[in-house]
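Numbering-wise, full-length UniProt numbering puts 35 at position 35 of the sequence shown, and it's gapless, one number per residue.
Cβ atoms here follow ideal geometry from the backbone N, Cα and C, with glycine treated the same way.
Owing to the predicted nature of the structure, the values given are computational and were not obtained by experimental measurement.
A short worksheet on the structure shown next.
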Amino acid sequence: MCYACSPTGLCDRVQVDGRSQMAHWGVEVLSDLHWLSAECERRCIFDSLKWANELIFYAPDEWHKAYALKGDSVVQMESPSRAPTTLVRANFGRSLMLNGEFHRAAYFLEKIKDESNYDCFMYYWAKYLAYEKDRLESEADAIDRRIEYDNSDMDALHAELCELGHRAPQYFDAFLFYVLGKVRLSLKLVEKAEQAFVESVRANRSFWPSWQELAHLISSPDKADTEEYVDAEYWVCRFFKADLLFRFHLHKAAIDEYEKIGESGFGDMPYLISQTAAALNYLQEHDLALEMFEKAHKADPLRVDQLHLYSDSLFVRGMRAELASLVHSFYRTHKFTWEVCCAVANYYSLRGDHEKSVVFLQRSLKLNPNNSSVWTLIGHEFMEQKNNSAACLAYRKAVQSDPKDYRGWYGLGQLYDILKMPSYSLYYYQQAHKCKSDDSRMLVALGEVYTRLNRAGDAQKCLLKAFKVGDVEGTALMLLGKLYEKEKNGDQAAAVYEKYLETYGDDLVNEADNMAHCCCFLAKHYLSKGDLNAAGTFAQRCLQYELSKEEGRSVLRQVSQAHRNQSMLKEAGAVVTSTPANESGDFGLKISEATPITPILPQPTVSDPLDYRQPNAADGGETEMAISSDEDSEGY
């Protein structure tokens with residue numbers, strides 16, 4: 001036996017070293033998570049508290065054992081020499097915040113805000129939460145009215161924090177920088193907010209809430225890799241990168257990152273499974289998404305995170321019974337969570353009860369007013385009710401909440417399309433395309449708008465690219481063919497229609513009219529070109545569809561007559577050449593309606609197939625359409 005493979009050899013030592021390194025990394029992760037959990041609990045930062053505790057719970061047992069052996073204790077950032085009266089007032093203020101009484105908490109905490117960094121944070125955090133709650137509830141109530149909220153209180157809070165920074169900069173640690181960033185974000189001072197969150201993670205790189213905000217503020221996914229505060233090997237940065245890719249709709253790359261995080265030790269954690277399922281939902285891979293959602297639901301049956309997207313996949317697939325069961329089970333236990341309200345709204349929308357759907361979406365907004373997805377859904381529901389002005393406001397709120405979310409822009413484009421204002425819809429579709437450039441739906445929408453604006457060249461480029469990136473709805477080629485028809489470019493239209501038939505065949509069962517149109521056009525086109533075999537083949541296919549039966553029979557009669565004419569000429573010793581038929585389609589023979597016709601049907605295979613239907617070996621077998629060489633131009 002080779003020594004390297006023996007029980008005491010090199011292989012075992014490598015495995016032991018690997019486990020040792022993994023355990024060491026796990027201790028580092030758990031140390032950060034325990035610190036984050038303790039600080040978020042003390043400071044009432046509830047979302048990150050849940051996130052940290054979930055990661056701790058699903059961490060491997062080996063990590064917990066190694067962490068216990070190390071004997072780390074959570075370091076408190078609080079001075080032990082606090083006066084009893086200060087401690088009592090601080091605890092009372094914190095209990096008020098836990099109860100949601102933020103104005104009252106700020107009132108009592110104001111008197112001790114200069115006692116320590118912790119007390120300073122709690123006072124300003126309570127004031128921010130109070131003002132933000134007032135603003136968001138006001139906006140949710142005024143969803144269908146043009147009412148602007150008075151933000152003077154938040155302006156005053158921002159001025160107070162800036163003055164504190166000049167007067168007592170020692171108070172600005174990772175936590176107070178976080179509050180400053182949140183205040184600036186509420187005032188739409190995006191660049192300054194980003195600066196504050198960067199200072200927060202520089203002060204303490206384990207503070208996940210600031211990383212989470214940066215993932216929604218950074219202007220480019222490439223920018224994150226170039227910033228000096230981002231350490232690609234640090235575990236928090238890996239979660240940050242995955243969320244950043246998700247936000248920029250780079251969902252395939254985000255799924256890869258979540259898988260890498262799982263392989264590093266977190267395994268089948270419901271959080272990672274749900275994030276992967278959400279990415280698949282955005283990729284329109286609803287069957288795979290449902291598998292992942294069900295897997296996460298089985299592991300954690302009462303988990304509400306991403307439930308709105310779970311219900312969305314069921315909605316898209318029309319699975320009404322499954323959606324009703326899911327909604328019923330969660331409505332009993334999580335009635336007042338925004339995700340469940342959104343799922344209930346999807347159920348009512350699937351039933352066609354759009355008024356009830358809006359009621360639950362408005363409730364969802366009051367619980368989570370900054371969610372662009374909910375604003376977009378409200379816009380859809382108002383569109384169903386023909387309330388265009390309210391839909392426009394909802395879509396604009398979605399864009400304000402997250403300018404990188406294509407759905408708000410796309411909704412505005414659809415709205416102005418319906419209002420027959422193509423110049424406006426073009427702008428919004430362009431913005432949606434910038435957010436998600438590889439989505440065929442944006443490109444098809446752009447192509448249709450360019451067609452209405454008589455910009456045929458741009459429309460052709462958009463529709464062709466939509467097909468190349470993967471046409472989700474299977475409409476790009478049909479629209480492109482009709483555009484070539486309109487431009488009297490029969491050869492290109494024929495190439496596109498043949499590609500449509502070749503690509504989709506009978507897969508699009510609900511698109512029989514499109515199939516009929518393609519076959520009818522191709523039969524007439526090849527008849528006009530004198531290619532009788534091809535014309536007969538497509539005419540035969542016309543007979544399969546009710547819409548094109550008569551046209552197919554007409555072409556078959558003309559093909560039959562043309563074959564008879566050719567036979568008569570051959571018998572007379574004439575030299576027959578393949579020439580296009582004249583416009584009347586009689587091929588030189590006058591016949592009456594009473595003339596009996598005996599069809600001479602051709603073989604179903606085309607004897608002389610066109611060049612574009614024969615793949616070139618040099619092209620690796622890939623079928624190409626005869627389309628201009630500038631088809632990949634990004635001119636739109």
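For the pair SER401 and LEU412, the Cα-to-Cα distance works out to about 14 Å. DSSP, read as helix, strand or coil, puts PHE467 in helix.
Of the candidates GLU163, GLU511, LEU136 and CYS162, the residue whose Cα lies closest to the Cα of ASP150 is LEU136.
Its Cα nearest to that of TRP35, the residue TRP208 stands out among ASP353, TRP208 and ASN514. The residues ASN281, HIS286, ALA289 and LEU290, in chain order, have a CB closer than 6 Å to that of SER313 in the same chain once the five nearest residues on each side in sequence are set aside.
Just so you know, the alpha carbons of VAL449 and LYS486 end up roughly 15 Å apart. The beta carbons of PHE177 and ALA193 sit no closer together than 8 Å. Taking the Cα of LEU250 as reference, the smallest distance to any Cα among LEU283, TYR229, MET269 and PHE266 is reached at LEU283. Excluding its 5 nearest sequence neighbours in each direction, LEU501 has C-beta neighbours in its own chain below 6 Å: CYS518, listed in chain order. Nearest to VAL358 by alpha-carbon distance, out of LEU480, ASN370, LYS335 and ASN387, is ASN387. The shortest C-alpha to C-alpha distance from TYR545 to any of SER560, GLU511 and ARG564 is the one to GLU511. Between the alpha carbons of GLU110 and ARG104 lies a distance of about 10 Å. Put simply, the stretch 296 to 309 touches the stretch 328 to 338. At least three CB pairs are less than 8 Å apart. DSSP, reduced to helix, strand and coil, places LEU283 outside both helices and strands of the structure shown, so it counts as coil. Here GLU550 carries a helix assignment [DSSP, helix/strand/coil].
The residues LEU483 and GLU487, in chain order, have a CB closer than 7 Å to that of ALA456 in the same chain once the five nearest residues on each side in sequence are set aside.
In the DSSP annotation of this structure, VAL472 is not part of any alpha helix (DSSP H), being labelled neither H nor E. The three-state secondary structure of TYR416, taken from DSSP, is helix. The beta carbon of ARG541 lies closer than 6 Å to those of CYS519 in the same chain, with the five residues before and after it left out. Apart from the 5 residues on each side of it in sequence, LEU157 sits with its Cβ closer than 8 Å to the Cβ of TYR124, LYS127, TYR128, TYR131 and VAL183 in its chain, given in chain order. Taking each of PRO403, ARG564 and PHE248 in turn and checking the Cα distance to ASN370, the smallest one comes out for PRO403. The beta carbon of CYS462 is closer than 7 Å to those of LEU443, LEU446, GLY447, TYR450 and TYR636 in its chain, skipping five residues each way along the sequence. Separation of LEU522 and ASP513 (C-alpha to C-alpha, rounded to the nearest whole angstrom) is 14 Å. The C-alpha of ALA495 lies about 46 Å from the C-alpha of THR226. Annotation for ALA174: the continuous alpha helix (DSSP H) segment containing it runs 174 to 186.
The shortest CA-to-CA distance from ARG553 to any of TYR427, PHE538, ILE261 and GLN566 is the one to PHE538. With a cut-off of 8 Å on Cβ pairs, the stretch 262 to 274 is not in contact with the stretch 422 to 430, counting fewer than three such pairs. Between the C-alpha atoms of ALA59 and ASP405 there is a straight-line separation of about 32 Å.
Here LEU477 is buried, its C-beta having at least 16 other C-beta atoms within 10 Å. Taken in chain order, the complete alpha helix (DSSP H) segments of 4 or more residues contained in the stretch 263 to 307 are 270 to 282 and 286 to 299. Counting only residues of its own chain and dropping the five nearest sequence neighbours on each side, LEU377 has a CB closer than 6 Å to the CB of LEU361. Here LEU214 has PHE197 as same chain residues with Cβ atoms under 6 Å from its own Cβ, once five neighbours each way along the sequence are excluded. The Cβ atoms of SER210 and SER200 sit closer than 8 Å to each other. VAL559 sits in a helix when the DSSP states are folded into three classes.
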